[in-house]
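Residue numbers (numbering that gives the first Met the number 0): 0 to 159.
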Amino acid sequence: MTPGDPEGLRVAFLVLEVLDRLGILYHLGGSYASAIHGIPRQTHDVDLVVDLGKDRVGGLVQALANEFYVDEEAVARAVRERASCNLVHLATGIKVDLFVKGAAAFDVAEFERKILVRLGDETPHDVFVKSAEDTLLGGCPRNPQRSGGAPRHDLPARVG
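Printed below as a string of structure tokens:
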């Protein structure tokens, strides 16, 4: 990262510290993972895949509530449906998307392929990041047993 960490990364660190404290496994995906693996994208939100069970929803919401807008019902629904929900950092307006890890074999394997990367210049953090291969293919329907995932129309541009 460049000197002076991007604001979105600083916000991500706030959420990641809570996830680590609560023992909730995760990996960073989306535009940050893409940039880490050499394919910059212009979005500035933070995408996290989380292994979140219904028994952890209340604790997560409570731990984030002072610094983030977080809707407990939306988080519970995301867990129940293995879908996503949003957090919004109150001080900056930066959005953090939480994608609940799917139950399909591919989702489990993708989660296991995450890598540990040291990020940040101001206060470096060890962060789990989606693998380069999974980032490149992010969202592609690779396996009919995979949970969710819309077709990616930019894949040829990513590999061409």
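From the three backbone atoms N, C-alpha and C, an ideal C-beta is built for every residue, glycine too.
Contacting residues, own chain, Cβ-Cβ under 6 angstroms from residue i (five flanking each side not counted)
i, result
"V158", "Residue placement at V158 is poorly supported in this model, since its pLDDT is 47, which falls under 50; the coordinates still yield a value, given next. Contacts found: none."
"H36", "A131 and T134"
"E109", "D133"
"F12", "H124"
"T42", "S30"
Proximity winner among the options, relative to residue i (alpha-carbon distances)
i, options, result
"C84", "V48, A104 and L135", "V48"
"V60", "A102, Y31 and V74", "V74"
"D50", "R79, R40, H43 and E71", "R79"
"Y68", "E109, E6 and V14", "V14"
"R112", "E66, L24 and T122", "L24"
"L136", "S33, F12, L18 and E16", "S33"
"A183", "E71, K129, R81 and R40", "In the structure as shown, the chain begins at 0 and stops at 159. Residue 183 is therefore absent and cannot be evaluated."
"A77", "K53, E66 and L63", "K53"
"P5", "V17, D19 and S30", "S30"
Short Cβ contact (7 angstroms threshold) for residue i with residue j
i, j, result
"V45", "V95", "yes"
"F127", "H26", "yes"
"G58", "L21", "yes"
"K129", "G28", "yes"
Same chain only: Cβ atoms within 7 angstroms of residue i, ignoring 5 sequence neighbours per side
i, result
"V10", "V45, H88, T91, I93 and V95"
"L115", "D125 and F127"
"V56", "E71, V74, A75 and V78"
"D19", "none"
Whole-number beta carbon distance between residue j and residue i, since they are thought to touch under 8 angstroms
i, j, result
"D125", "R117", "6 angstroms"
"V17", "A64", "The pair is not a contact, with the Cβ atoms about 10 angstroms apart (cut-off 8 angstroms)."
Chain-order list of residues whose beta-carbon lies under 8 angstroms from that of residue i (same chain, five-residue window excluded)
i, result
"E66", "L13, H88, L89 and A90"
Complete runs of the alpha helix (DSSP H) confined to the stretch 69-145 [at least 4 residues]: Every alpha helix (DSSP H) of 4 residues or more that sits fully in the stretch 69-145 is shown, in chain order, as 71-80, 104-111 and 131-135.
Ranges of the beta strand (DSSP E) found wholly within the stretch 30-73, counting only runs of at least 3: Segments of the beta strand (DSSP E) lying fully in the stretch 30-73: 45-49 and 67-69.
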